[in-house]
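Sequence order for the protein chains is V and A.
Going by my numbering, the first sequence wraps up at 346, each residue one higher than the last.
Going by my numbering, the second sequence wraps up at 193, each residue one higher than the last.
Don't be surprised by glycine CBs; every beta carbon is placed ideally from N, CA and C.
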Amino acid sequence: MEKNKEKQFDAFLKKAIKEVELDAPSLNFTEDLLEKLEISQVKKSSTAYKPLISKTIWVIIGALILIALGGAFIGDFESTLNWWPSMNLNTNYVFGGFLSIVISSTYLYGFVGLAFFLFVQIYFIKNHVNRQFTTN
Amino acid sequence: MNQDQQYIQRVINGENHVFSLLVDKYKHMVFTLALRMVKSKEEAEEVSQDTFIRVYNSLDKFKGESKFSTWLYRITYNKSLDCLKKQKRTIDSFSVDGYDDMNFPDMENIINGIERKERKIEMAKVLKELSPDDNTLITLFYYEDLSLAEISEVMGISPNTAKVKLFRSRNRLAELLKEKLEPEFIQGYGKK
């Protein structure tokens, strides 16, 4: 009789203990653990900022400016624009004769240089931005 | 090779992230075992984390002679014991004597008299009152269906000792259930 009761109690325990659900650890248990073990899949984005223009380029640019300035002060150059196609803007025709544009060769050099560097800059910025948003 | 061993092999071969699959599979059981021993959620969380760190660092030493879960529960049990020792809390808070002879409660009456939901709540309360060792034995035997040999491996005792301990743990549980459930059943019965 008592043995029977014991068996019955065992059967009850199996059922009743399984009914009590397992306790759950914190929601970020696995993430915390993987972080501790340093095997986290999610790589922390290391944003190492690299300057767009490196030190070497700055040195080269600086040297070029110094040479140009030095040349302007020391040297005795006369600017001649013999490679540029002659531009004969007939301003009389366009503006009715009240405006005449005289384009100096210095202005022209400056303008061409600016345009050149603008395109170069666009190219470099585009590549730089592309690299930043590329996901491997 | 079972699924656990496949995961372990992959981790050993360098696929470290596979370890998270093992963690997700066993974290609830490990946490429950730890919580039923140390009785505090914060400490149980710490014990569980320490357990998995230990497991990860000794994966290559796991020979696969026993089940992975048995090995894992053994580490959980030992880590929980360490935690209790640190707090100088006793592991077996009940006296060993006095539970050898037991009148088992008449479960048929209790099962029929108490709602399932209520039974679940009361059982959870009773489990909280059990000592760490009793809780481990009861959870591993009745919830995880581990054999006495496996329990003895987890707790580092002989299968015979495990049998005796389990018998006493069950008696203590019966005593606590009797105290908790029978008056409610009698009250509920009286109202009908």
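Backbone secondary structure at residue i - three-state DSSP
| i | result |
| --- | --- |
| V19 (chain A) | helix |
| G320 (chain V) | helix |
| P261 (chain V) | coil |
| L34 (chain A) | helix |
| S49 (chain A) | helix |
| S153 (chain A) | helix |
| K224 (chain V) | helix |
| D83 (chain A) | helix |
| N337 (chain V) | helix |
| V269 (chain V) | helix |
| F219 (chain V) | helix |
| P133 (chain A) | helix |
| L232 (chain V) | coil |
| N238 (chain V) | coil |
| S159 (chain A) | coil |
| E245 (chain V) | helix |
| E123 (chain A) | helix |
| G99 (chain A) | Residue placement at G99 (chain A) is flagged as unreliable, the pLDDT there being 42, under the threshold of 50; the coordinate-derived value follows with that caveat. The answer is coil: DSSP assigns G99 (chain A) none of H, G, I, E or B. |
| N214 (chain V) | helix |
| D25 (chain A) | helix |
| S256 (chain V) | Unreliable placement is indicated for S256 (chain V), whose pLDDT of 49 sits below 50; the coordinate value is still reported in the next sentence. Coil, per DSSP. |
| Q7 (chain A) | helix |
| D61 (chain A) | helix |
| N14 (chain A) | coil |
| K166 (chain A) | helix |
| Q88 (chain A) | coil |
| G191 (chain A) | Here G191 (chain A) scores only 40 on pLDDT, less than 50, and its place in the model should not be relied on; the value that follows carries that caveat. It is helical. |
| S67 (chain A) | coil |
| K40 (chain A) | coil |
Within 8 Å, strictly: CB atoms of residue i and residue j
| i | j | result |
| --- | --- | --- |
| D51 (chain A) | I13 (chain A) | no |
| V155 (chain A) | T33 (chain A) | no |
| Y74 (chain A) | L141 (chain A) | yes |
| Y144 (chain A) | I227 (chain V) | yes |
| K80 (chain A) | V48 (chain A) | yes |
| S159 (chain A) | I139 (chain A) | no |
| R37 (chain A) | N161 (chain A) | no |
| T266 (chain V) | S21 (chain A) | no |
| L128 (chain A) | V339 (chain V) | no |
| M30 (chain A) | L232 (chain V) | yes |
| F327 (chain V) | L262 (chain V) | no |
| F69 (chain A) | D5 (chain A) | yes |
| I76 (chain A) | L247 (chain V) | no |
| L177 (chain A) | E130 (chain A) | yes |
| F219 (chain V) | A175 (chain A) | yes |
Spatially closest choice to residue i from the options, by CA coordinates
| i | options | result |
| --- | --- | --- |
| M124 (chain A) | V:I277, V:L223, V:Q218 | V:L223 |
| L147 (chain A) | A:S132, A:E130, A:L167, A:P133 | A:L167 |
| R120 (chain A) | V:K225, V:D220, V:Q218 | V:K225 |
| K217 (chain V) | A:E180, A:N172, A:L177 | A:N172 |
| L88 (chain A) | A:G65, A:E44, A:S153, A:L149 | Checking the sequence, you will find Gln at residue 88 (chain A) rather than Leu. Residue A:E44 is the option with its Cα nearest to Q88 (chain A). |
| I9 (chain A) | A:M30, A:G65, A:K129 | A:G65 |
| K126 (chain A) | A:L85, A:L182, A:E16, A:L149 | A:L182 |
| N3 (chain A) | A:A35, A:F53, A:S67, A:L174 | A:S67 |
| K42 (chain A) | V:N337, V:P235, V:L244, V:I277 | V:P235 |
| S132 (chain A) | A:I76, A:L85, A:E151, A:S59 | A:L85 |
| V165 (chain A) | A:G15, A:L23, A:D134, A:L177 | A:D134 |
| R341 (chain V) | V:K260, V:F283, V:S315 | V:K260 |
| F63 (chain A) | A:Q7, A:I122, A:E180, A:I152 | A:Q7 |
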